[in-house]
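Under this note's numbering, the letters of the sequence shown match residues 3 to 272, in that order.
Just so you know, even glycine gets a beta-carbon here, dropped at the ideal spot from N, CA and C.
Note that this is a predicted model, so its numbers are computed, not measured.
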Amino acid sequence: MAGRYDGDVLAGDWRRRKVIPEVDAEPDLVVEDADSGFCGAVVGFESGAVVLEDRHGRRRNFPLLPAAFLLDGRPVTLRRPVRAPVPAARRRTASGSIAIDNVRAQVAKASRIWVEGVHDAALVERIWGDDLRIEGVVVEPLDGIDALAAEVRAFDPGPRRRLGVLVDHLVPGSKESRIVAQVTSPHVLVTGHPYVDVWQAVKPRALGIPAWPVVPPGRPWKEGVCAALGVAEPADMWRLILSRVDSFADVETPLINAVERMIDFVTSPE
Numbered sequence: 003m004a005g006r007y008d009g010d011v012l013a014g015d016w017r018r019r020k021v022i023p024e025v026d027a028e029p030d031l032v033v034e035d036a037d038s039g040f041c042g043a044v045v046g047f048e049s050g051a052v053v054l055e056d057r058h059g060r061r062r063n064f065p066l067l068p069a070a071f072l073l074d075g076r077p078v079t080l081r082r083p084v085r086a087p088v089p090a091a092r093r094r095t096a097s098g099s100i101a102i103d104n105v106r107a108q109v110a111k112a113s114r115i116w117v118e119g120v121h122d123a124a125l126v127e128r129i130w131g132d133d134l135r136i137e138g139v140v141v142e143p144l145d146g147i148d149a150l151a152a153e154v155r156a157f158d159p160g161p162r163r164r165l166g167v168l169v170d171h172l173v174p175g176s177k178e179s180r181i182v183a184q185v186t187s188p189h190v191l192v193t194g195h196p197y198v199d200v201w202q203a204v205k206p207r208a209l210g211i212p213a214w215p216v217v218p219p220g221r222p223w224k225e226g227v228c229a230a231l232g233v234a235e236p237a238d239m240w241r242l243i244l245s246r247v248d249s250f251a252d253v254e255t256p257l258i259n260a261v262e263r264m265i266d267f268v269t270s271p272e
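1) Can you tell me whether P143 sits near the ligand ADP, meaning its C-beta is under 8 Å from at least one heavy atom of the ligand?
2) To the nearest angstrom, report how far apart R263 and R241 are at their CA atoms.
3) For V139 and S49, I'd like the C-alpha separation in whole angstroms.
4) Kindly indicate the opening and closing residues of the alpha helix (DSSP H) around D35.
5) In chain order, what residues of the same chain lie with their CB nearer than 6 Å to the CB of V120, ignoring the 5 residues before and after it?
6) Please report the straight-line C-alpha distance between A149 and R114, rounded to a whole angstrom.
7) Give me the Cα-Cα distance between P206 and P212, rounded to the nearest whole angstrom.
8) In or out: A260 buried (at least 16 other Cβ within 10 Å) or exposed?
9) Closest to G160 by C-alpha separation, out of P256, P188 and V167, would be which residue?
10) Any contact of the stretch 64-74 with the stretch 32-45, i.e. 3+ C-beta pairs under 8 Å?
11) Start and end of the alpha helix (DSSP H) containing E262?
12) Less than 9 Å separating the beta-carbons of E28 and V44?
13) In or out: E225 buried (at least 16 other Cβ within 10 Å) or exposed?
14) Under the rule that 16 or more other beta-carbon atoms within 10 Å means buried, what is G175, buried or exposed?
15) Excluding sequence positions up to five away, which residues of its chain have a Cβ less than 7 Å from the Cβ of D56?
16) Excluding sequence positions up to five away, which residues of its chain have a Cβ less than 8 Å from the Cβ of T79?
17) With a cut-off of 8 Å on the beta carbons, I'd call W223 and D199 a contact; round off their distance for me.
18) Return helix, strand or coil for R276, following the three-state DSSP convention.
19) With a threshold of 8 Å on Cβ separation, who are the neighbours of M3 within its own chain once the five nearest residues in sequence on each side are excluded?
20) Return the residue from the list Y197, D158 and P218 that minimises the CA-CA distance to T186.
21) What residue does the beta strand (DSSP E) around E118 start on, and which one ends it?
22) Quick one: residues in its chain with C-beta nearer than 6 Å to the C-beta of I181, no 5 flanking neighbours on either side, listed in chain order?
23) Restricting to Cα atoms, I'd like to know which of R163, P196, V154 and A208 is closest to Q184.
Take a look at the structure:
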């Protein structure tokens, strides 16, 4: 028994405890379970336990207990790695602009965008509505453009009261081009697209058709389209068209360019 209690058992810092390092259980980290001796690489987690796979492809689950594993022969405590949150992808509006969340629509500005009818207004709203609300620009439908020059004069455009006008079938030599030529105010931008009606600015593939029907001259275009596609009423056809438009990708480039130019014009600084 001699020497069993040699020395002072209270000598030194008896309060110090051995610190077991914590190690992230990263994929492919090779460790050994201290109790069973099972050695394998980290391949994942299940129900709060780490999954190890040995060199024979056998897998076992082990709870993440303190000092439960050996790394290079030394005890360690494995912990599940904390991953930095992945930032959410920036949401985009139907027009392709970066969406601005938690922002209320502005009070309407004096500047306006005019379109020929309610269908044009609905299509512009479907694609560019978020952008226009942020800018505080109102879209107003006209009942055609035959009296456009007089309506522009009544609007009284100015540097802080700009006007953008979207016109269907704006091509050289058309009736629409002659009407537009009467508007000369520098505070008004009249732009448009080459299609007979704004319906035709929607890509045929969005409707599941190879192309828009060719309507013989002298027949109302919308009625001719409905007859060719087997739709009873233009109102039914329009509801179908609008339901198939989700973003700018569903309409033709000339319409996109025309509307973007108008928005830039009416929202530019003085």
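A quick look at the data gives this:
1) Of the ligands one can find in the structure shown there are none, so the ligand ADP has no counterpart to examine.
2) 27 Å
3) 54 Å
4) Run containing D35: none in the alpha helix (DSSP H); it sits in the beta strand (DSSP E), V32 to D35.
5) P143
6) 17 Å
7) 6 Å
8) buried
9) P188
10) yes
11) T255 to T269
12) yes
13) exposed
14) exposed
15) F40, C41 and G42
16) I22, P23, E24, V25, L66, L67, P68, A69, A70 and F71
17) 6 Å
18) What is shown of the chain runs 3 to 272, which leaves residue 276 out entirely.
19) Any reading at M3 is ruled out, since the residue's pLDDT is 45, under 50, leaving its predicted position unreliable.
20) D158
21) Taken as a continuous stretch (DSSP letters only), E118 belongs to no beta strand (DSSP E), as it is neither H nor E.
22) I147 and L150
23) V154
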